[in-house]
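Respectively, the protein sequence lines represent chains L and C.
Each residue of the first sequence is one higher than the last, beginning at 1 in full-length UniProt numbering.
Each residue of the second sequence is one higher than the last, beginning at 1 in full-length UniProt numbering.
Cβ atoms here follow ideal geometry from the backbone N, Cα and C, with glycine treated the same way.
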Amino acid sequence: MGEKIVEVKNLFFQYERKYVLENINISIEKGAFLGLVGPNGSGKSTLLKCLLGLLKPQKGTIHLFGEDIHQFNDWHKIGYVSQKANSFNSSFPATVFEVVASGLTPKLGLFKKMKKADREKVMEAIRAVGMEKAVHQNIGELSGGQQQRVFIARALVSEPKLLILDEPTVGVDSQTVNHFYQLLHHLNKELEITLILVTHDIGAITDKVTHVACLNKQLYFHGNKDEFERLKETELTSLYGHPVQLITHDHE
Amino acid sequence: MFSSILQFEFLQNAFLSGILIGFIAPLLGVFVVVRRLSLIADALSHVTLAGIAGGLFLSSKISFFSSLNPIYVGMGFSVLGSLVIEKLRAFYKFYAELAIPIIMSAGIGFSVVFISLADGFNTDLFNYLFGSVSAVSRTDLYIITGVAALVILLIVLFYKELFLLSFDEEYASALGLPAKGLHLLFILTVALVISVSMRVVGILLVSSLMTLPVAASIRIATGFKKTIFLSVIIGEASVLIGLVLSYYLDIAPGGTIVILEVLALIFSIILSKARRGKI
Numbered sequence: 001m002g003e004k005i006v007e008v009k010n011l012f013f014q015y016e017r018k019y020v021l022e023n024i025n026i027s028i029e030k031g032a033f034l035g036l037v038g039p040n041g042s043g044k045s046t047l048l049k050c051l052l053g054l055l056k057p058q059k060g061t062i063h064l065f066g067e068d069i070h071q072f073n074d075w076h077k078i079g080y081v082s083q084k085a086n087s088f089n090s091s092f093p094a095t096v097f098e099v100v101a102s103g104l105t106p107k108l109g110l111f112k113k114m115k116k117a118d119r120e121k122v123m124e125a126i127r128a129v130g131m132e133k134a135v136h137q138n139i140g141e142l143s144g145g146q147q148q149r150v151f152i153a154r155a156l157v158s159e160p161k162l163l164i165l166d167e168p169t170v171g172v173d174s175q176t177v178n179h180f181y182q183l184l185h186h187l188n189k190e191l192e193i194t195l196i197l198v199t200h201d202i203g204a205i206t207d208k209v210t211h212v213a214c215l216n217k218q219l220y221f222h223g224n225k226d227e228f229e230r231l232k233e234t235e236l237t238s239l240y241g242h243p244v245q246l247i248t249h250d251h252e
Numbered sequence: 001m002f003s004s005i006l007q008f009e010f011l012q013n014a015f016l017s018g019i020l021i022g023f024i025a026p027l028l029g030v031f032v033v034v035r036r037l038s039l040i041a042d043a044l045s046h047v048t049l050a051g052i053a054g055g056l057f058l059s060s061k062i063s064f065f066s067s068l069n070p071i072y073v074g075m076g077f078s079v080l081g082s083l084v085i086e087k088l089r090a091f092y093k094f095y096a097e098l099a100i101p102i103i104m105s106a107g108i109g110f111s112v113v114f115i116s117l118a119d120g121f122n123t124d125l126f127n128y129l130f131g132s133v134s135a136v137s138r139t140d141l142y143i144i145t146g147v148a149a150l151v152i153l154l155i156v157l158f159y160k161e162l163f164l165l166s167f168d169e170e171y172a173s174a175l176g177l178p179a180k181g182l183h184l185l186f187i188l189t190v191a192l193v194i195s196v197s198m199r200v201v202g203i204l205l206v207s208s209l210m211t212l213p214v215a216a217s218i219r220i221a222t223g224f225k226k227t228i229f230l231s232v233i234i235g236e237a238s239v240l241i242g243l244v245l246s247y248y249l250d251i252a253p254g255g256t257i258v259i260l261e262v263l264a265l266i267f268s269i270i271l272s273k274a275r276r277g278k279i
């Protein structure tokens with residue numbers, strides 16, 4: 001058994017009076033690549049926001065890196081890439097370098113300025129996502145796929161141990177999506193970063209992840225990929241409420 | 001003119017306060033504009049007017065307050081107004097912009113009542129409405145210097161936090177930044193800058209000092225630091241050239257400064273279109 005990076009126990013969350021998450025139990029070990037899938041409105045983003053401390057669940061506990069979330073302070077260990085389309089002002093006057101450097105803010109701490117080594121780290125993260133040619137361009141001049149790569153670099157720059165991605169490929173062309181999954185694979189295998197990838201596209205990720213969790217208000221399934229592939233289609237149908245095709249992208 | 005500056009204290013006060021405000025208003029203004037809070041500056045200026053009118057009323061009617069500088073009451077109202085705006089924005093979560101007309105009309109309502117209580121318009125009030133840089137006193141200058149020091153300290157200490165908060169508020173919170181506290185500190189500083197800047201350009205024009213230089217530079221500068229740099233250059237140049245022009249041509253300095261900023265804005269739009277090959 002490896003180190004537990006995330007442990008969620010008996011978690012309930014409600015907006016107004018309606019439960020969005022009911023009795024969620026998830027545990028993620030170091031080095032795992034978890035695909036969190038579920039239909040639209042199933043509570044995936046809510047669960048992520050609870051993990052990031054942006055929302056406070058009404059019941060249940062969350063432990064991050066073995067520490068209760070209320071005591072947890074090492075937020076720089078967690079990188080986050082959100083669904084960019086709705087949360088960022090695309091005409092913001094900032095260069096790629098400035099955006100990526102902002103990911104170092106919590107690690108540097110208050111009142112500290114960037115040193116030469118920090119600048120080098122920023123460049124390294126930009127090179128890791130292949131955006132070095134656009135370093136001094138404004139973020140708004142880039143395509144959606146390029147912007148998403150910049151946001152991954154921003155999450156990587158603080159050298160996180162856990163990377164959380166909320167439907168990062170929405171609105172990104174298919175070629176970029178392939179590069180993107182190669183990048184994730186590299187981060188997971190070579191840099192041993194634990195990954196949580198949220199998506200509603202269940203078929204697209206089954207050959208990339210090590211574990212799968214299916215969420216629709218409740219957790220319908222949580223286990224490794226092999227168990228998931230043995231799941232009967234009928235069970236997935238009951239999760240989504242309609243038949244789901246399990247397309248496996250097997251290139252071998 | 002330069003010999004006159006050495007000679008007359010009122011000219012020294014005017015230029016020194018102009019230089020300070022020409023620097024801090026666009027500096028803070030960049031953050032105001034990118035966070036889409038431009039209209040809050042306008043609403044707060046009207047709340048400040050209510051404070052000024054209240055202060056003038058108190059000092060004219062109640063002997064205890066006769067030596068009260070109305071700018072203090074204005075600052076108090078502005079700070080209070082900014083806190084109320086934040087409460088309202090949280091209360092009307094999905095109609096956050098409602099806070100602006102609410103505060104603006106409340107500000108104007110109080111202003112009008114205070115003005116009528118103080119027996120209508122007088123020169124003082126007129127100066128606050130349209131700015132009267134020659135009426136800036138030494139005390140005013142000291143207050144402006146204090147606020148300028150505060151703004152510069154805020155930006156120097158919290159630059160990277162403010163940048164992150166402005167660019168992506170959710171991400172800032174996810175990284176464990178005290179986003180709410182920082183935002184409050186920011187909005188309070190905006191309130192103070194507005195209340196001291198109106199001495200130079202007047203309440204009706206004060207938000208322009210924060211927004212026009214930024215509007216001019218945002219399309220032509222690359223990157224955030226360069227946008228700040230260019231905004232400050234445009235703001236500072238407009239204030240200084242405006243003051244000199246108004247001295248020689250004997251025209252209203254506040255209006256002159258704003259017209260220069262509008263000219264800079266038009267020039268930047270033409271430049272930006274030319275660069276994109278549309279002209």
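| Item | Value |
| --- | --- |
| So which residues of chain C does Glu98/L contact, with C-beta pairs closer than 9 angstroms? | Phe163, Phe167, Gly223, Phe224 and Lys225 |
| Can you confirm whether the region 152 to 166 of chain C touches the region 182 to 194 of chain C when touching is taken to mean that 3 or more C-beta pairs between the two stretches lie within less than 8 angstroms? | yes |
| What does DSSP give as the partner residues of Gln14/L in its beta bridges? | Tyr19/L |
| Please list the terminal residues of the continuous alpha helix (DSSP H) segment that includes Thr139/C. | Arg138 to Phe167 |
| Does the beta carbon of Ile247/L sit closer than 9 angstroms to a beta carbon anywhere in chain C? | With a pLDDT of 47 at Ile247/L, under the threshold of 50, the modelled position of this residue cannot be trusted; read the value that follows with caution. It does not: the Cβ of Ile247/L has no partner Cβ on chain C nearer than 9 angstroms. |
| Assuming Ser45/C and Ile203/C form a contact by the criterion Cβ under 8 angstroms, report the distance between their Cβ atoms to the nearest whole angstrom. | 5 angstroms |
| Go through its chain and collect everything with a Cβ distance to Tyr15/L's Cβ below 6 angstroms, but skip five positions before and after it. | none |
| Does at least one heavy atom of the ligand HEM sit under 8 angstroms from the Cβ of Phe10/C? | The ligand HEM is not part of this structure, which contains no ligands at all. |
| What residues of chain C sit near Thr105/L, judged by a beta carbon separation below 9 angstroms? | Lys160, Glu161, Phe163, Leu164, Ala172, Leu175 and Leu177 |
| Report the neighbours of His136/L on chain C: residues whose CB is nearer than 8 angstroms to its CB, in chain order. | Thr222 and Gly223 |
| For Phe92/L, return the contacting residues in chain C, with the cut-off set at a CB-CB distance below 7 angstroms. | Val34 and Phe167 |
| Using a 10 Å radius around the Cβ and a threshold of 16 neighbouring Cβ atoms, would you call Val112/C buried or exposed? | exposed |
| Using a cut-off of 7 angstroms between C-beta atoms, extract the partners of Asn52/L located in chain C. | Per the sequence shown, the amino acid found at residue 52/L is Leu instead of Asn. The contacting residues are Ala174. |
| Rounded to a whole number of angstroms, what is the C-alpha to C-alpha distance between Gln148/L and Asn178/L? | 13 angstroms |
| In terms of residue numbering, what span does the alpha helix (DSSP H) encompassing Leu53/C cover? | The residue asked about is misnamed: residue 53/C is Ala in this sequence, not Leu. Ala53/C -> alpha helix (DSSP H) spans Ser38 to Lys61. |
| Is the beta carbon of Leu195/L sitting closer than 9 angstroms to the one on Leu165/L? | yes |
| Counting only beta-carbon separations shorter than 9 angstroms, does Leu157/C have a partner in chain L? | yes |
| Whole beta strand (DSSP E) runs in the region 162 to 243 of chain L with 3 or more residues, listed along the chain? | 162 to 166, 194 to 199, 211 to 216 and 218 to 224 |
| Could you check where the alpha helix (DSSP H) with Val122/L kicks off and where it finishes? | Lys116 to Ala128 |
| I'd like to check one pair, Val190/C with residue 293/C: are the Cβ atoms closer than 9 angstroms? | Summary: the structure shown does not reach residue 293/C, with chain C confined to residues 1 through 279, and so no result is reported for it. |
| DSSP state of Asp124/C, grouped into three classes? | helix |
| Applying the 10 Å Cβ sphere with the 16-neighbour rule, what's the burial state of Ile100/C? | buried |
| By the criterion of Cβ-Cβ separation under 7 angstroms, what are the contact partners of Tyr80/L in chain C? | Tyr171 and Ala174 |
| Kindly give me the distance between the Cβ atoms of Asp140/C and Ile220/C, rounded to whole angstroms, as I take these residues to be in contact under 8 angstroms. | So it is not a contact: roughly 34 angstroms between Cβ atoms. |
| Write down every uninterrupted run of the alpha helix (DSSP H) in the region 202 to 277 of chain C whose length is 4 residues or greater and which is fully enclosed by it, in chain order. | 206 to 218, 224 to 249 and 253 to 275 |
| Spell out the partners DSSP gives Lys56/L in its beta bridges. | Answer by DSSP bridge pairing: none, since Lys56/L is not bridged. |
| Of the choices Arg17/L, Phe111/L, Thr61/L and Leu108/L, whose alpha-carbon is the least far from that of Ser27/L? | Thr61/L |
| Can you check whether the C-beta of His76/L is within less than 9 angstroms of a C-beta belonging to chain C? | yes |
| For my contact list, residue 256/L and Lys217/L are in at a C-beta cut-off of 8 angstroms; report their separation, rounded to the angstrom. | Chain L is shown only over 1 to 252; residue 256/L falls outside these bounds and no answer can be derived. |
| Is Phe94/C buried or exposed, if buried means 16 or more other CB atoms sit within 10 Å of its CB? | exposed |
| Please tell me whether Ser102/L has its Cβ less than 9 angstroms away from any Cβ of chain C. | yes |
| List the residues of chain C that Thr95/L touches, going by C-beta distances under 8 angstroms, in chain order. | Thr222, Gly223 and Phe224 |
| Answer with buried or exposed for Leu11/L, where buried requires no fewer than 16 other C-beta atoms within 10 angstroms of its C-beta. | buried |
| Determine the direct distance from the alpha carbon of Val196/C to that of Ile21/C, and round the result to whole angstroms. | 8 angstroms |
| Since Leu47/L and Val6/L should fall inside the 8 angstroms C-beta cutoff, what is the C-beta to C-beta distance between them, to a whole number of angstroms? | 10 angstroms between Cβ atoms; not a contact. |
| Which whole-angstrom value is the C-beta distance of Thr211/C and Ala50/C, which I expect to be below 8 angstroms? | The Cβ separation is near 21 angstroms, so there is no contact. |
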